[in-house]
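Step one of this worksheet: look at the structure below.
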Amino acid sequence: MPQTVKGVIARSKGADVELVDVVVPDPGPGEAVVKIDACGVCHTDLHYREGGINDEFPFLLGHEAAGVVEAVGEGVTEVAPGDFVILNWRAVCGQCRACAKGKPWYCFATHNASQKMTLTDGTELTPALGIGAFIEKTLVHAGQCTKVTEADAAAVGLLGCGVMAGFGAAVNTGGVTRGDSVAVIGCGGVGDAAIAGAAIAGATTIVAVDVDDAKLEQARRFGATHTVNSKDAGGRDAVVEAVREITGGNGADVVVEAVGRPETYEQAFYMRDLAGTVVLVGVPTPDVEVTLPMIEIFGRGGALKSSWYGDCLPSRDFPMLVDLYKQGRFDLDAFVTERIGLGDVEAAFDKMHGGQVLRSVVEL
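Position 242 of the sequence shown, counted from 1, bears residue number 239 in the numbering used here, the numbering being contiguous throughout.
In C-alpha cells form, the structure reads like this:
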C-alpha cells in the first residue's frame, strides 16, 4: 500500500520550503523504497529552489542521503530489505555507449524511478537529482542504492554528492598520485573533499586557495600543507605567483577549480605546471564564459578536464570510502557542521548563504 510521510518541497521559485505530506507508492519493477536516516543540505538543493536547475516545480528536495532499504520491486537483485545504502544520482545503465566502452562513470542513460511521488492531492513531485531525500521514506531506482557497511548516516551520506564530487575530482579525474603537488581553489565542502582526496592519494604539497581565512584554516584539517588568501594576495597574477613559489617555481601538477567562475578558472590554468592538469568541478552558471590564448593552451600541454560527480562509480567508490572512514583515514565527520531536523531546511539555506556551515545534515 502507498505510504504517506513527511517531506520538504519547494513549491515555487524562491519561495520558502514547506514540510508537507507526501505519498510514496509501493516500489514497482526495478525500484526500491528507502527509509532515510540522514540527508545533507547541498547547494544543489538551493539551486532547485531558486529555479536554477529547471522549472519543474514542485520539487521534492534533498539528495545526499543514506538509509535502509525497506522494500524492493520485481526484478531487483542489487539490494534487499534491511540493507544499509548510500543513494546516488547516477545509476548506470550498463548498455549505453559509455558503459559499452568500459567507462560507466560517464553513463549517458542513468536510471531514476519510473513512478512519481505526489502530494496528497495527486500533484506529481520532481525529486531533486532523481532522489528527493528530505523525506522520511523515498522511492528510487534500485540502481541508485549502493550497499555499504553500516556507519554514521550523517557522515557517509555526504558521499552521495558533494564529498564524492570533490574527492573524485582530485583522485579519479585529476589522477593525483604519490609525490604530486596540488592546488585547490575554493575551500567549501567540495574543495575540502578534493584536499582530503589529494592527501589520501599521497600528494606531498597541497595548496588551499580561498578568500576566507577561516575556510583556509579549516582546509588544513583536511590535509592542506599551505594556504593562500586570494583576496589578500593582490590580484590574479599574485595568486598564481604565490602557488608557483610554493611549488618550487613550477606550478602545481594538478589544480582543482571548485568555484566555477571565469576568473578562478584562469587562475587554475596559469598556476599549473607544464603538462599539468586543470580539473573543473565547480558548477558555472550558464551565462559565464572564459577566454584563454590558444598559444598558451597549446604551449602548456597537459589537460583541461571537467569532473562529473567526481567521475565516480558508486559501486566501486562508496564502499572503499566508507572503509577508509571506518579506518580513521578519511574524516567524514569533519564535514558535518550541524545535525538538524526536517523542519530546519530553510534555516540551513540561510546559513549556507552566509558561509556559516560546511554541511548541515538533516537527521530523521
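Idealized CB from N, CA, C, for every residue including glycine.
Distances from the alpha-carbon of residue 71 to those of 27, 250, 150, 61 put 27 closest. No residue range can be given for residue 326, since it is assigned to no alpha helix (DSSP H) and is classified by DSSP as neither H nor E. Boundaries of the alpha helix (DSSP H) around residue 227: 227 to 230.
A straight line joining the alpha-carbon of residue 231 with that of residue 182 spans about 16 Å. Positions of the alpha helix (DSSP H) runs, each at least 4 residues long and wholly inside the segment 202 to 245, are given as 210 to 218, 227 to 230, 233 to 243 in order along the chain. By the neighbour-count criterion, in which a residue is buried when 16 or more other Cβ atoms sit within 10 angstroms of its Cβ, residue 215 is buried. The C-beta distance from residue 153 to residue 145 rounds to 7 Å, short enough to fall under 8 Å. The beta carbons of residue 342 and residue 348 sit about 11 Å from each other, so the pair does not count as a contact at 8 Å. In this structure, residue 199 places its C-beta atom within 8 Å of the C-beta atom of residue 176.
Here residue 174 carries a coil assignment [DSSP, helix/strand/coil].
When only Cα atoms are considered, residue 358 and residue 284 end up about 31 Å apart.
A distance of 8 Å or more separates the beta carbons of residue 325 and residue 251. In the three-state reduction of the DSSP assignment, residue 111 falls in the coil class. 8 Å or more divides the Cβ of residue 254 from the Cβ of residue 287. Partner residues in the beta bridge of residue 3, as assigned by DSSP, are 18.
Here residue 332 is near residue 356, since their CB atoms are less than 8 Å apart. Burial check for residue 292: the Cβ neighbour count within 10 Å stays below 16, so the residue is exposed. The alpha carbon of residue 124 has as its nearest neighbour, out of 62, 169, 197, the alpha carbon of 62. In the DSSP assignment, residue 146 falls outside any beta strand (DSSP E) and carries neither an H nor an E. Put simply, of 236, 140, 44 the residue whose alpha carbon is nearest the alpha carbon of residue 73 is 140. The residues 44, in chain order, have a CB closer than 6 Å to that of residue 50 in the same chain once the five nearest residues on each side in sequence are set aside.
CA-to-CA, the gap between residue 321 and residue 166 works out to about 17 Å. For residue 357, the beta-bridge partners assigned by DSSP are 335.
In this structure the segment 298 to 308 does not lie against the segment 218 to 230, because fewer than three pairs of beta carbons, one per stretch, are closer than 8 Å.
With respect to the 8 Å criterion, residue 330 and residue 161 are not classified as neighbours on the basis of their beta carbons.
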